[in-house]
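K.L.:
After the structure tokens below, expect a handful of questions from me.
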Amino acid sequence: MTIEERQQEIISEFQMFTDWMEKYEYIIELGKDLPLIDAQYKVDDNLIRGCQSRVWLHAEMADGKINFTADSDAIITKGLVALVVRVLSHATPAAIAEADLFFVKEIGLNEHLSPTRSNGLASMIKQMKIYALAFASRQL
Amino acid sequence: MTVEINIESLRAQFPILHQQVNGRPLVYLDNAATTQKPLAVIQSLDNYYRSYNANIHRGAHHLAHIATEAFELTRKKIHALVNSKYEHEIIFTAGTTDSINLVAQTWGRKNLKAGDEILLSVLEHHSNIVPWQLIAEEKGAVIKVIPITESGEWDMAQIDSLLTDRTKLVAVNHVSNALGTINPIKKLIDAAHAKGAVVLIDGAQAISHLEVDVQALDCDFYCFSGHKMYGPTGTGILYGKESILNDMPPYRGGGEMIKTVTFEKTTYNELPHKFEAGTPNIGDFIALGAAVDFMNDLGLSSMRSHEDELLRIATDSLSEIDGIRFYGTASHKTGVISFGIKDFHPYDIGTLLDKQGVAVRTGHHCTQPLWDWYGVQGSVRASFAVYNTEEEVHHFIKALHKCVQLLG
Chain R
79 MTIEERQQEI
89 ISEFQMFTDW
99 MEKYEYIIEL
109 GKDLPLIDAQ
119 YKVDDNLIRG
129 CQSRVWLHAE
139 MADGKINFTA
149 DSDAIITKGL
159 VALVVRVLSH
169 ATPAAIAEAD
179 LFFVKEIGLN
189 EHLSPTRSNG
199 LASMIKQMKI
209 YALAFASRQL
Chain F
5 MTVEINIESL
15 RAQFPILHQQ
25 VNGRPLVYLD
35 NAATTQKPLA
45 VIQSLDNYYR
55 SYNANIHRGA
65 HHLAHIATEA
75 FELTRKKIHA
85 LVNSKYEHEI
95 IFTAGTTDSI
105 NLVAQTWGRK
115 NLKAGDEILL
125 SVLEHHSNIV
135 PWQLIAEEKG
145 AVIKVIPITE
155 SGEWDMAQID
165 SLLTDRTKLV
175 AVNHVSNALG
185 TINPIKKLID
195 AAHAKGAVVL
205 IDGAQAISHL
215 EVDVQALDCD
225 FYCFSGHKMY
235 GPTGTGILYG
245 KESILNDMPP
255 YRGGGEMIKT
265 VTFEKTTYNE
275 LPHKFEAGTP
285 NIGDFIALGA
295 AVDFMNDLGL
305 SSMRSHEDEL
315 LRIATDSLSE
325 IDGIRFYGTA
335 SHKTGVISFG
345 IKDFHPYDIG
355 TLLDKQGVAV
365 RTGHHCTQPL
375 WDWYGVQGSV
385 RASFAVYNTE
395 EEVHHFIKAL
405 HKCVQLLG
């Protein structure tokens with residue numbers, strides 16, 4: 079699936095929810111479910127410091143595609159991180175670098191991406207793109 | 005005199021409170037961050053720009069006269085509010101942070117030497133830590149810290165050993181922004197003076213809740229912000245004792261703060277203008293005067309008793325929540341409740357409260373050393389103002405139960 083298709087998939091999943099509570103229940107479940115990152119990578123070097131919640135991000139390259147694993151100490155941030163990882167992981171560096179994450183706005187979670195939310199999510203996406211550019215330059 | 009507040013007519017003076025957030029009525033409980041503004045303040049600002057905007061002190065024309073008079077009237081009102089000995093001991097700044105930086109960069113630069121000690125407390129806001137670190141690093145001065153007890157109060161048993169002959173400055177808050185603790189500043193001021201130290205009080209969280217009498221306190225500096233006392237942002241006060249202010253070098257250079265300028269030698273203006281370089285924030289300071297009137301009309305003791313009642317109701321209801329941990333349980337507190345629930349992240353609780361129209365503060369509240377002391381990332385903080393209602397407190401508690409249900 080392309081990054082575009084994955085985003086469409088998430089958008090249609092979220093269309094099932096009729097109010098904010100169902101939506102956040104789902105995000106919280108995503109946050110609880112996933113053991114997102116290997117303990118050895120949950121270190122300060124991989125820490126993206128938000129003002130409020132913290133995010134850890136690890137990137138690996140396999141078969142020309144980048145795999146991301148990540149974690150957060152806040153469950154809602156972790157659920158949102160899970161969605162972003164689902165969209166951007168297992169994609170080529172070029173596709174990640176160019177990706178426009180329109181799904182966040184479409185599912186009504188744009189507020190979490192604004193820098194004022196300080197949850198580390200916006201910085202995480204920026205860091206993912208930096209990894210993509212770094213891996214892409216190594217491939218040349 | 006304490007009189008019961010007529011909450012309906014009071015809330016009618018705050019247009020911002022009457023709105024929906026995420027489809028729910030707004031419950032604004034982030035008042036320790038900034039209070040909302042009454043109509044009198046908003047109208048004062050509006051009236052200034054509509055009717056008599058002019059640069060002050062210099063102009064020889066009609067508008068300049070009115071604007072100067074209105075601007076200086078606020079100084080008179082602040083002078084009365086904190087009972088300073090002289091009106092010219094009230095310096096206008098951009099905010100509490102600006103006031104503290106002014107003292108650090110002028111008094112500190114002139115008076116601190118290598119080996120001198122600056123005494124702070126674990127409860128300090130970053131604004132009352134970092135300015136001292138900057139000047140301490142430059143001068144080779146040493147920062148010492150008053151520890152706290154589990155209840156979030158200064159460990160007074162340590163004061164005697166922390167105050168030494170080397171202590172040159174004590175800088176502490178009157179009320180903790182993160183916990184609401186009302187600190188026994190008078191005791192500390194007297195003990196510090198006995199050692200010959202100068203004392204600066206960060207009163208940002210006290211000024212809209214407690215009676216402040218700088219002469220009775222005998223503090224050397226007292227700082228606060230207009231926006232936390234129902235006034236506009238960008239207005240701050242530095243009170244300083246006349247003799248100390250006169251002895252301090254100027255802070256910023258520019259217009260207004262000079263007497264005469266030649267390329268060889270500039271002489272400086274008298275207090276308070278010596279510390280007010282450039283065109284000040286005229287309109288906002290005029291409107292700050294309306295905020296002082298607003299507080300005076302209600303009466304601080306009436307405001308305090310209303311907020312205390314909300315604090316009591318909220319604390320009682322919160323105590324019933326399974327897994328709650330209160331931070332700051334001092335017997336003398338302003339209307340601030342800081343807490344955590346189980347291992348839920350404050351950000352998660354804040355996000356889910358926001359979805360229900362409830363505005364609280366989450367995180368470290370600019371007091372990271374305090375949370376390091378508690379060994380947690382931060383807290384959820386609800387803080388009350390005079391316009392909050394019992395109904396809002398119940399709404400907040402109900403919304404919090406919903407958060408627990410979702411996160412649990």
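Chains R and F supply the protein sequences, listed in that same order.
So in the working numbering, the last one in the first sequence is 218, and the numbering has no gaps at all.
So in the working numbering, the last one in the second sequence is 412, and the numbering has no gaps at all.
Cβ atoms here follow ideal geometry from the backbone N, Cα and C, with glycine treated the same way.
Looking at chain R, is there any beta carbon in it that lies within less than 8 Å of the beta carbon of Asp-301(F)?
P.N.:
Cβ-Cβ to chain R under 8 Å: no for Asp-301(F).
K.L.:
Can the beta-carbon of Ser-167(F) be found closer than 8 Å to that of Ala-140(F)?
P.N.:
For clarity, residue 167(F) is Leu in the given sequence; the question names Ser instead. Contact flag unset, no.
K.L.:
With a CB to CB cut of under 6 Å and the five nearest residues on each side skipped, what residues in its chain are close to Ala-137(R)?
P.N.:
Cβ neighbours of Ala-137(R) beyond the five flanking positions: Ile-144, Phe-146 and Tyr-209.
K.L.:
So, Glu-103(R) versus Leu-410(F), is the Cβ gap smaller than 8 Å?
P.N.:
Yes, the pair counts as a contact, with Cβ atoms nearer than the cut-off.
K.L.:
Beta carbon of Ile-317(F), beta carbon of Glu-394(F): below 8 Å?
P.N.:
The answer is yes: Cβ separation under 8 Å.
K.L.:
Along the chain, where does the alpha helix (DSSP H) that runs through His-399(F) open and close?
P.N.:
Residues 394-411.
K.L.:
So, helix, strand or coil for Val-121(R), using DSSP?
P.N.:
In the structure shown, Val-121(R) sits in coil (DSSP, three-state: anything other than H, G, I, E or B).
K.L.:
Strictly by DSSP, which residues pair up with Asn-145(R)?
P.N.:
In the DSSP output, where bridge partners are listed per residue, Asn-145(R) has Glu-138(R).
K.L.:
What does the alpha-carbon distance come out to for the pair Phe-180(R) and Glu-246(F)?
P.N.:
Computed Cα separation, rounded: 60 Å.
K.L.:
The beta strand (DSSP E) with Asn-105(F) in it runs from where to where?
P.N.:
Element bounds for Asn-105(F): not the beta strand (DSSP E) but the alpha helix (DSSP H), 100-107.
K.L.:
For Glu-280(F), count the other beta carbons within 10 Å of its own beta carbon; 16 or more makes it buried, fewer makes it exposed. Which is it?
P.N.:
When all chains shown are included, Glu-280(F) counts as buried.
K.L.:
With a Cβ-Cβ cutoff of 8 Å, do His-178(F) and Ile-152(F) count as a contact?
P.N.:
No; because the gap between Cβ atoms is not below 8 Å, this pair is not in contact.
K.L.:
Can you check which of these residues, Val-216(F), His-369(F), Asp-376(F) and Pro-254(F), is closest to Asn-300(F) by C-alpha distance?
P.N.:
Taking only the C-alpha atoms, the option nearest Asn-300(F) is Val-216(F).
K.L.:
Using 8 Å as the cut-off, can you tell me whether the stretch 305-319 of chain F makes contact with the stretch 50-69 of chain F, which would need three or more C-beta pairs spanning the two stretches below that distance?
P.N.:
Output reads no: the stretch 50-69 of chain F does not touch the stretch 305-319 of chain F.
K.L.:
For a contact defined as C-beta to C-beta under 9 Å, what are the partners of Ala-134(R) on chain F?
P.N.:
In the sequence on display, residue 134(R) carries Trp and not Ala. Here the premise fails: no neighbours, minimum Cβ distance about 14 Å.
K.L.:
With DSSP as the reference, please indicate the residues paired to Leu-138(F) in a beta bridge.
P.N.:
DSSP lists no partner for Leu-138(F).
K.L.:
What residues in the stretch 337-365 of chain F have a beta carbon less than 9 Å from any beta carbon of chain R?
P.N.:
Correct list: Phe-348, His-349, Pro-350, Tyr-351, Asp-352, Gly-354, Thr-355, Leu-356, Asp-358, Lys-359 and Gln-360.
K.L.:
Return the CA-CA distance between Asn-285(F) and Met-94(R), expressed in angstroms with no decimal places.
P.N.:
Roughly 52 Å between the two C-alpha positions.
K.L.:
Are Thr-371(F) and Ile-341(F) close, meaning C-beta to C-beta below 8 Å?
P.N.:
In this structure, Ile-341(F) does not lie closer than 8 Å to Thr-371(F) by Cβ.
K.L.:
Buried or exposed, going by whether 16 or more other CB atoms sit within 10 Å of the CB of Asp-347(F)?
P.N.:
Exposed: under 16 other Cβ atoms inside 10 Å.
K.L.:
Does the distance from the C-beta atom of Ile-325(F) to that of Leu-214(F) stay below 8 Å?
P.N.:
No, Cβ-Cβ distance for Ile-325(F) and Leu-214(F) is not below 8 Å.
K.L.:
Got a sec: which bits of the stretch 155-175 of chain R sit with their beta carbon under 7 Å from any beta carbon on chain F, in order along the chain?
P.N.:
Listed by position, the residues of the stretch 155-175 of chain R near chain F (Cβ gap below 7 Å) are Thr-155.
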